[in-house]
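Heads up, the thing below is written out as C-alpha cells.
Protein chains: 2
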Amino acid sequence: MKKKSIPSITINRLSIYHRCLEKILETGKGKELEIISSFEIAEITGVNSAQIRKDLAYFGEFGKRGLGYPLIDLNRELKKILGLDKEWSIIIAGAGNLGKALVNYKGFQKRGFIIKGIFDNNPSKIGKKIGHIFIHDIKKIEKFIQAENINIGILVVPADSAQEVADKMVAGGIKAILNFAPVHFILPPEIKVHNVDLSIEFEGLTYYLNL
Amino acid sequence: MKKKSIPSITINRLSIYHRCLEKILETGKGKELEIISSFEIAEITGVNSAQIRKDLAYFGEFGKRGLGYPLIDLNRELKKILGLDKEWSIIIAGAGNLGKALVNYKGFQKRGFIIKGIFDNNPSKIGKKIGHIFIHDIKKIEKFIQAENINIGILVVPADSAQEVADKMVAGGIKAILNFAPVHFILPPEIKVHNVDLSIEFEGLTYYLNL
Numbered sequence: 001m002k003k004k005s006i007p008s009i010t011i012n013r014l015s016i017y018h019r020c021l022e023k024i025l026e027t028g029k030g031k032e033l034e035i036i037s038s039f040e041i042a043e044i045t046g047v048n049s050a051q052i053r054k055d056l057a058y059f060g061e062f063g064k065r066g067l068g069y070p071l072i073d074l075n076r077e078l079k080k081i082l083g084l085d086k087e088w089s090i091i092i093a094g095a096g097n098l099g100k101a102l103v104n105y106k107g108f109q110k111r112g113f114i115i116k117g118i119f120d121n122n123p124s125k126i127g128k129k130i131g132h133i134f135i136h137d138i139k140k141i142e143k144f145i146q147a148e149n150i151n152i153g154i155l156v157v158p159a160d161s162a163q164e165v166a167d168k169m170v171a172g173g174i175k176a177i178l179n180f181a182p183v184h185f186i187l188p189p190e191i192k193v194h195n196v197d198l199s200i201e202f203e204g205l206t207y208y209l210n211l
Numbered sequence: 001m002k003k004k005s006i007p008s009i010t011i012n013r014l015s016i017y018h019r020c021l022e023k024i025l026e027t028g029k030g031k032e033l034e035i036i037s038s039f040e041i042a043e044i045t046g047v048n049s050a051q052i053r054k055d056l057a058y059f060g061e062f063g064k065r066g067l068g069y070p071l072i073d074l075n076r077e078l079k080k081i082l083g084l085d086k087e088w089s090i091i092i093a094g095a096g097n098l099g100k101a102l103v104n105y106k107g108f109q110k111r112g113f114i115i116k117g118i119f120d121n122n123p124s125k126i127g128k129k130i131g132h133i134f135i136h137d138i139k140k141i142e143k144f145i146q147a148e149n150i151n152i153g154i155l156v157v158p159a160d161s162a163q164e165v166a167d168k169m170v171a172g173g174i175k176a177i178l179n180f181a182p183v184h185f186i187l188p189p190e191i192k193v194h195n196v197d198l199s200i201e202f203e204g205l206t207y208y209l210n211l
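Read top to bottom, the protein sequences are chains A and B. Per full-length UniProt numbering, residue 1 is the first one in the first sequence, and the count goes up by one each step. Per full-length UniProt numbering, residue 1 is the first one in the second sequence, and the count goes up by one each step.
Following this line, the structure appears as C-alpha cells:
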C-alpha cells in the first residue's frame with residue numbers, strides 16, 4: 001500500500017467517517033448494527049456514498065459489494081490508517097488556564113494521547129505540577145522533545161510568543177503542532193499544523209436557534 | 001424561504017463550506033480570489049461539487065452558472081443562514097480551568113458569542129470574577145437565563161453533575177448546549193446538544209506522523 005499517494009482530502013474524509021462510526025459505537029447503536037452501508041455513512045456525514053466507497057477502496061476490500069461494511073472492523077481499520085491505534089507522546093507549551101484544562105482533559109489519554117510534560121516561562125510555575133505532570137522551563141523544551149521522543153506539541157501560549165515557541169518545538173524535532181493561539185505560523189512545509197478554533201463548535205447550534 | 005424544510009445534513013455541510021471560505025479569507029487569499037467555484041470548494045472540503053451546488057441552491061441563486069460564487073457574498077450569506085451574523089448570549093456552568101480558559105478565549109467574542117455569566121457551586125468561587133465576568137451561585141442559573149435571555153449554555157462541570165446542570169439550563173429556557181463533559185444527556189428532543197471532543201483535533205495530524 002503506497003500510503004503517500006493518498007490525497008489529503010481523502011484523509012480528511014476518513015477522519016469524518018471514523019468519527020461517524022465512533023459516534024454510532026458510543027451511543028450503543030453499534031450493538032444492533034453489525035453492518036453499515038456507504039449510504040448510511042453518507043446520510044450521517046454528508047459525503048456522497050460513491051465518494052465514500054472510492055475513499056475506502058484505497059485501502060483494500062473492506063466490505064461486500066451491495067451489502068456494506070462490518071462496522072467494528074471498518075472502525076478498527078480506520079483507526080489504524082489514521083494512526084489512532086497507538087500511543088502518541090505529547091507536550092503542552094503554556095501553563096495557563098487552557099494548558100491546565102488540557103492536562104486534566106480525560107479524553108486525550110483515553111484516545112492514546114499521553115501528555116509527558118508542560119512548559120512555561122513563568123518562574124513561579126516552573127517546577128510545580130499540574131495533576132502528576134511537571135511544569136518545565138520553556139528553555140528546556142528542545143532537549144525534552146529530543147530526549148523523550150515527543151511526537152506532537154500543543155501550543156497554548158499567548159499570540160505574541162506563539163511563533164517563537166513553535167520554532168523551538170520544530171527545532172526539537174516535533175513534526176505536528178496543535179495550535180490554540182490565534183496566529184498562523186511560518187514553519188517548514190513538512191510540519192503539520194492544525195489550528196483549533198473553538199468557536200466552530202457553536203456553528204451547528206446557532207442555525208437552529210435562528211429558525 | 002422555508003428554512004425548516006432544509007435537511008440537517010445540508011446544514012452540517014453549510015457549516016463546512018463556511019469554514020472553508022473563512023479559512024480562505026483569513027489567510028488573505030480571498031483578496032486575489034473574487035470568485036470561487038463549487039469545484040474549488042469541493043477540492044478543499046471533500047464534498048462532491050454537485051452536492052455543493054445542490055445545497056447552496058436551497059437558499060437561492062448565489063452564483064453564475066459555469067462561473068462560480070462571489071467569495072465574500074457567499075460567505076456573508078452562509079453566516080446569515082447559520083445564524084453567525086448576530087450576537088448570542090452565553091453562560092458557562094463550571095468555573096474550573098476549562099471554564100476560566102473559555103471565559104478568556106478571544107475567539108468567542110470575535111464571532112459574536114458573548115459570555116454573560118459563569119456559574120459554580122463552590123462557595124470560595126461564587127462572587128469572584130474571571131476577567132470581567134462574575135461567578136454566580138449555580139442555584140441561580142435558571143433565573144439568570146430567564147432574566148438575561150441567554151441562548152446557549154456551555155457545560156464544563158464534572159461528569160457526575162452534568163445531567164443535573166443540563167436539566168437546570170433547560171428549565172431556565174436554554175435551547176442549545178455546548179457540552180465538554182464526557183456524558184450523553186437525556187433531554188427533551190427539541191434541545192440541541194453538541195458534545196465537544198477535543199481529541200478529535202489530533203486526527204488530521206496523526207495520519208501524517210504514521211507514514
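Glycine included, C-beta positions come from ideal geometry on N, C-alpha and C.
{"Query": "Proximity test, Cβ basis, 8 Å: Glu203/A and chain B", "Result": "yes"}
{"Query": "DSSP three-state assignment for Lys192/A, whether helix, strand or coil", "Result": "strand"}
{"Query": "Between the CA atoms of Thr206/B and Lys140/A - distance to the nearest angstrom", "Result": "25 Å"}
{"Query": "Ile41/B - containing alpha helix (DSSP H), residue span", "Result": "38-45"}
{"Query": "Cβ-Cβ separation, Val170/A to Gly130/A (assumed contact under 8 Å), whole Å", "Result": "Per the sequence shown, residue 130/A should be read as Ile rather than Gly. Actually they do not touch by this definition, with Cβ atoms about 24 Å apart."}
{"Query": "Nearest-angstrom Cβ-Cβ length linking Asn97/A and Leu209/B, presumed shorter than 8 Å", "Result": "No, Asn97/A and Leu209/B are not in contact; Cβ-Cβ is about 28 Å, not under 8 Å."}
{"Query": "The alpha helix (DSSP H) enclosing Asp160/A, as first and last residue numbers", "Result": "159-172"}
{"Query": "Proximal chain A residues relative to Gly46/B, where beta-carbon distance stays under 7 Å", "Result": "Ile9, Asn12, Arg13, Val47"}
{"Query": "Residue range of the unbroken alpha helix (DSSP H) whose run includes Ile9/B", "Result": "8-26"}
{"Query": "Proximity of Gly94/A and Val156/A at Cβ, strictly below 8 Å", "Result": "yes"}
{"Query": "C-alpha gap between Ala57/A and Leu74/A, whole angstroms", "Result": "12 Å"}
{"Query": "Three-state secondary structure (DSSP) of Ser124/A", "Result": "coil"}
{"Query": "Proximity winner among Lys125/B, Ser89/B, Phe119/B, relative to Gln109/B (alpha-carbon distances)", "Result": "Ser89/B"}
{"Query": "Residues bridged to Asn179/A (per DSSP)", "Result": "Leu155/A, Asn195/A"}
{"Query": "Residue 214/A, enclosing alpha helix (DSSP H) - first and last residue", "Result": "The structure shown does not extend to residue 214/A, since chain A is modelled only from 1 through 211, so no value can be given for it."}
{"Query": "Any beta strand (DSSP E) of 3 or more consecutive residues that is wholly inside the region 83-119 of chain B", "Result": "88-93"}
{"Query": "Beta-bridge partners of residue 214/A, as assigned by DSSP", "Result": "Residue 214/A falls outside the range modelled here, since chain A spans only 1 to 211, and no answer is possible."}
{"Query": "Under 8 Å (Cβ pairs) to chain A, residues found in the region 179-199 of chain B", "Result": "Pro182, His184, Lys192, His194, Val196, Asp197, Leu198, Ser199"}
{"Query": "Proximal residues of chain A, C-beta to C-beta of Gly107/B below 7 Å", "Result": "Pro182, Asp197, Leu198, Ser199"}
{"Query": "Interface flag, Lys2/A vs chain B, CB-CB below 8 Å", "Result": "Annotation note: pLDDT 49 at Lys2/A (below 50); position unreliable, no value reported."}
{"Query": "Cβ neighbours of Ile138/A in the same chain (closer than 8 Å, five flanking residues each side left out)", "Result": "Ala93, Phe119, Asp120, Asn121, Val165, Lys168"}
{"Query": "Opening and closing residue of the alpha helix (DSSP H) in which Leu209/A lies", "Result": "203-209"}
{"Query": "Bridge-paired residues (DSSP) for Lys129/B", "Result": "Phe134/B"}
{"Query": "Cα-Cα separation, Lys2/B to Ile174/A", "Result": "Residue placement at Lys2/B is flagged as unreliable, the pLDDT there being 48, under the threshold of 50; a coordinate-derived value is accordingly withheld."}
{"Query": "Backbone secondary structure at Thr35/A - three-state DSSP", "Result": "With the sequence shown as reference, residue 35/A is identified as Ile, and Thr is not the correct amino acid for it. In the structure shown, Ile35/A sits in a strand (DSSP, three-state: E or B)."}
{"Query": "First and last residue of the uninterrupted alpha helix (DSSP H) at Gln56/B", "Result": "Reading the sequence as shown, one finds Leu at residue 56/B and not Gln. Residues 49-57."}
{"Query": "Test item: CB-CB of Ala147/A and Ala101/B under 8 Å", "Result": "no"}
{"Query": "8 Å Cβ shell around Ile33/B - same chain, five flanking residues per side excluded", "Result": "What sits at residue 33/B in the sequence shown is Leu, not Ile. For Leu33/B, where only same-chain residues beyond five positions count, the Cβ hits under 8 Å are Ile24, Leu71."}
{"Query": "Nearest neighbour of Ser199/B, chosen from Arg13/A, Cys20/A, Thr45/A, Gly112/A [CA to CA]", "Result": "Gly112/A"}
{"Query": "Gly46/A and Asn195/B closer than 8 Å at C-beta", "Result": "no"}
{"Query": "Partner residues on chain A for Gln163/B, Cβ-Cβ distance less than 7 Å", "Result": "Correct list: empty, because the minimum Cβ distance to chain A is about 16 Å."}
{"Query": "Three-state secondary structure (DSSP) of Phe200/B", "Result": "What sits at residue 200/B in the sequence shown is Ile, not Phe. Here Ile200/B sits in helix by DSSP."}
{"Query": "Contact with chain B by Ala176/A, beta-carbon distance below 8 Å", "Result": "yes"}
{"Query": "Classification of Phe134/B by the beta-carbon crowding that lies within 10 angstroms, buried from 16 upward", "Result": "exposed"}
{"Query": "Cβ-based neighbour list, Glu190/B, same chain, cut-off 8 Å, excluding 5 preceding and 5 following", "Result": "Lys175"}
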